[in-house]
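Basically this note's numbering = 1-based index in the sequence shown + 7.
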Amino acid sequence: MRALLFVSLCMVCVATAAADDAAFRPLFNGVDLSGWVPVNTAPSTWTVSDGMLVCSGKPTGELRTDRMYQNFILELEWRHLVPRGNAGVFVWADDITARGVPFHRSIEVQVLENAYGNTESHTTHGDIFPIHGTTMKPENGHGGMRAFPTEWRSNPSPEWNHYRIECIDGSVSLAVNGKVVTRGHECSLRKGYICLESEGGVVNYRNLRIQELPGEPLEDQYVAIADRGYRSLYTGVDLSGWQTESTAWQPADWVLRTTDEAGKDDVLISERSQAGGSLMFDLRRRESGAAVQVEFCGVTIELTAQDSEVGSKLSPQGQWDRLEMTVAAGHLSVAINDQLVIVNKPVTTAAGPIRLTPGGGVDLAGLYLRVGE
């Protein structure tokens, strides 16, 4: 009788496991990047080899899913090929990066190689924490919003690790190599994109799969920003897509910098022409007198402290601003940090490339284009 009961229990367990597996679907097909969108990286950053998704680590940036997810279980295997490598999995993320950083507003599940080291501020064994405007209530926190693992279970490079990330109704839990070690609750975002992070280390991913779970409709405040149609204009590794005869423009990972001596002869021109649409970019002036002139669809704005219409609304030197310049139907709108400073101003437009003319040392990041209809 006991033997029969044991066999019956085994059959139930096998059937349950099979049903669980059947509920999953691949999130990566092992052949190409179908279902994924490079957000702010180069074509060389994310490649496919031997059924694995390979991240070069250069530049710092993300690859995201092409659709949003609310409640789900995500499983994947990862390994770092470089000691002290850094990466991450972002959940419930916006469509593009946050202002002045190469990362999304999201909840991050850390993917650190063991040699990176463990401190009071972080571990290499699966921390979970909110980034760039999100919030979370951690379990096993150290006074902040970062959740620390209760046990250290990550394998060192080049060994594989298995993550099971459960995201349900604003709570996130992480199982590392078969055991749940990290938890966070009351996340301020509860629906969004899934991202893989490139941050300096060569990382392999395989066997990415997802099981979607039911969920109630959410209030807008809990939903990340959906795809607005923006695509990156800067690879983070070179000036592909741009032309210049000057050496004043210098790729510096996720930041496109000019030299302090850059001037009106150091124009950077896009290879692509536009007759309408939206241009978004982040700007940081490294000195008070630094400036940049932007021409988009034949319309020019002056980003100098002396310009009363737009430039005077910029933050002080050393701080990042996000600008969004929209040209449509003969009208111009400009927003700085989501605040409109020009609204539907009649302008004369013309199809043409984007022209960036510096005046001193400036940093640009998050360059995105949305093509007009």
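Glycine included, each C-beta is placed from N, C-alpha and C at the ideal position.
Listed as beta-bridge partners of T307 by DSSP are E302. Per DSSP, the unbroken beta strand (DSSP E) holding P137 starts and ends at I135 to I138. Residues R171 of the same chain have their beta carbon placed closer than 6 Å to that of A182, with the five preceding and five following residues left out of the count. Within the region 247-305, complete beta strand (DSSP E) segments of at least 3 residues are found at 256-259, 262-265, 275-281, 284-292 and 298-303, given in chain order. DSSP places A312 in the coil class of the three-state scheme, outside both helix and strand. In this structure T355 is exposed. Its beta-carbon is surrounded by fewer than 16 other beta-carbon atoms within 10 angstroms.
Here E84 is actually not in contact with R216; their C-beta atoms are around 10 Å apart, not less than 8 Å. Here L376 really is in contact with L240; their C-beta atoms are around 5 Å apart, less than 8 Å. Q218 carries a strand assignment under DSSP once its states are collapsed to helix, strand and coil.
Setting aside the 5 residues that flank it on each side, V230 is surrounded in the same chain by K198, each with a C-beta closer than 6 Å to its C-beta; the list follows chain order.
Secondary structure at Q324: coil, using DSSP grouped into helix, strand and coil. N184 and G133 have their C-alpha atoms roughly 11 Å apart. Exposed is the label assigned to W167, since fewer than 16 other Cβ atoms lie within 10 Å of its Cβ. Take L88, set aside five residues on each side of it, and the residues of its chain with a beta-carbon closer than 8 Å to its own are S164, P165, G208, V209, V210 and N211, in chain order. Taking 8 Å as the cut-off, the beta carbon of G283 is found closer than this to the beta carbon of V334. Judged by their CB atoms, T104 and V46 are nearer to each other than the 8 Å cut-off. Going by DSSP, V188 is part of the beta strand (DSSP E) stretching over K186 to H192. Annotation for R91: E120, A122 and Y123 place their beta carbon closer than 6 Å to its own, counting only its chain and skipping 5 residues before and after. As for any alpha helix (DSSP H) of minimum length 4 sitting wholly inside the region 53-104, there is none.
Boundaries of the beta strand (DSSP E) harbouring E115: S113 to L119, taken from the DSSP string.
Ranked by how close their Cα comes to the Cα of L60, the residues R190, S205 and T242 have S205 in first place. Residue range N168 to I175 is occupied by the beta strand (DSSP E) that includes N168.
Comparing alpha carbon positions, the residue from D73, N36 and N78 closest to D234 is D73. One Cα belongs to C194, the other to G359, and the distance between them is close to 44 Å. A straight line joining the alpha-carbon of H338 with that of S161 spans about 55 Å. For W327 and N125, the gap between their C-alpha atoms comes out near 31 Å.
Excluding its 5 nearest sequence neighbours in each direction, T141 has C-beta neighbours in its own chain below 7 Å: R112, S113, I114, C194, S195 and L196, listed in chain order.
One Cα belongs to I138, the other to S280, and the distance between them is close to 35 Å.
DSSP places A29 in the helix class (H, G or I) of the three-state scheme.
Straight through space, the alpha carbons of V55 and G37 are spaced by roughly 7 Å.
Counting every other CB atom within 10 Å of its CB across the protein chains shown gives L263 a total of 16 or more, marking it as buried.
C-alpha of T131 to C-alpha of G296: approximately 43 Å in a straight line.
Closest in C-alpha terms to P109, from the list G64, V369, E219 and R190, comes G64. With 16 or more other Cβ atoms inside 10 Å of its own Cβ, Q77 counts as buried. Where W43 is concerned, the enclosing beta strand (DSSP E) starts and stops at W43 to P45. P353 has H338 as its beta-bridge partners, per DSSP.
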